[in-house]
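Inspection log for the structure reproduced underneath, given as structure tokens.
Residue numbers (our numbering): 397 to 627.
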């Protein structure tokens, strides 16, 4: 949707933007590495670094565009003040998402993590120093909204903005990552390109329009705070 918005802006700069949609997290990077694409727009830097290390690819970030704040959602709970002692809190189970979820819970004072906990180092539920009586349960990331919908009243869940939008549960949002949080900065979605092409004319044109006031306003107004332009 965001790329569709910039087609006319890039056309003014002399570029015809062709959008190719993938349904997995591997092909966009292999197609970029193989020269089938000029850029891709779907991932954050930790994933890109991990992909490069595992696959011998040479892809780099050309710019941070937006982030999708992790939100804390409640089933039958309208504020954090209403969260009962012993409540269950669902979190995504995969590494980077679990780290983000736990950092958000720590941000809100619901759990205590080690003092050196960070997005770079990563943390899991096994690292929780003090769960403060809550039952923190890791669940497959794309199943968290369904699990929340089928849970007992009073259950909380940390959910990625994309999944929350798809599940149409934005009205259940209690709080989310702060714009200056480590999670927001670390997991911002990037434009990735092949190494050496981050300063090409076409790449710079792409970044310029994606970070323009017009596109930033579109993102801010269209996604109700679940997709946020990078400051």
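From the three backbone atoms N, C-alpha and C, an ideal C-beta is built for every residue, glycine too. All of these numbers come straight from a predicted model, not from anything done at the bench.
Put residue 434 into one of helix, strand or coil per three-state DSSP. Note: residue 434 maps to coil in three-state DSSP.
Taking the C-alpha atoms as reference points, what is the distance between residue 433 and residue 427? Cα-Cα distance, rounded: 6 Å.
Option in 450, 593, 509, 603 with minimal Cα separation from residue 585: Per the Cα distances, 603.
Residue range of the unbroken alpha helix (DSSP H) whose run includes residue 545: In the DSSP annotation of this structure, the continuous segment of the alpha helix (DSSP H) that includes residue 545 starts and ends at 540 to 545.
Note down the Cα distance separating residue 570 from residue 436, rounded to an integer number of angstroms. Distance between the alpha carbons of residue 570 and residue 436: 32 Å.
Could you give the DSSP three-state label for residue 404: helix, strand or coil? Look at residue 404 here: in three-state DSSP terms it is helix.
Sorted by chain position, which residues of the same chain lie with C-beta nearer than 8 Å to residue 443's C-beta, five sequence neighbours on each side aside? Closer than 8 Å at the Cβ level, and outside the excluded window around residue 443, lie 421, 492.
Taking the alpha-carbon positions, what's the residue 478 to residue 403 distance? The straight-line gap from Cα to Cα measures roughly 46 Å.
Starting from residue 647, follow the beta strand (DSSP E) in both directions and report where the run begins and ends. Coverage of the chain is limited to positions 397 through 627, which leaves residue 647 absent and any answer about it impossible.
Could you check what DSSP says for residue 439 in three-state terms: helix, strand or coil? Here residue 439 sits in strand by DSSP.
On the three-pair Cβ rule with 8 Å, is the stretch 603 to 616 touching the stretch 551 to 571? By the Cβ criterion, the stretch 603 to 616 is not in contact with the stretch 551 to 571, since fewer than three pairs of Cβ atoms, one from each stretch, lie closer than 8 Å.
Can you give, in chain order, each stretch of the alpha helix (DSSP H) that sits fully within the stretch 510 to 564 and has at least 4 residues? Within the stretch 510 to 564, the complete alpha helix (DSSP H) runs of at least 4 residues are 540 to 545, 557 to 563.
Residue range of the alpha helix (DSSP H) that residue 579 falls in? That run of the alpha helix (DSSP H) goes 578 to 582.
Quick check on residue 498: does DSSP put it in helix, strand or coil? In the three-state reduction of the DSSP assignment, residue 498 falls in the helix class, which pools H, G and I.
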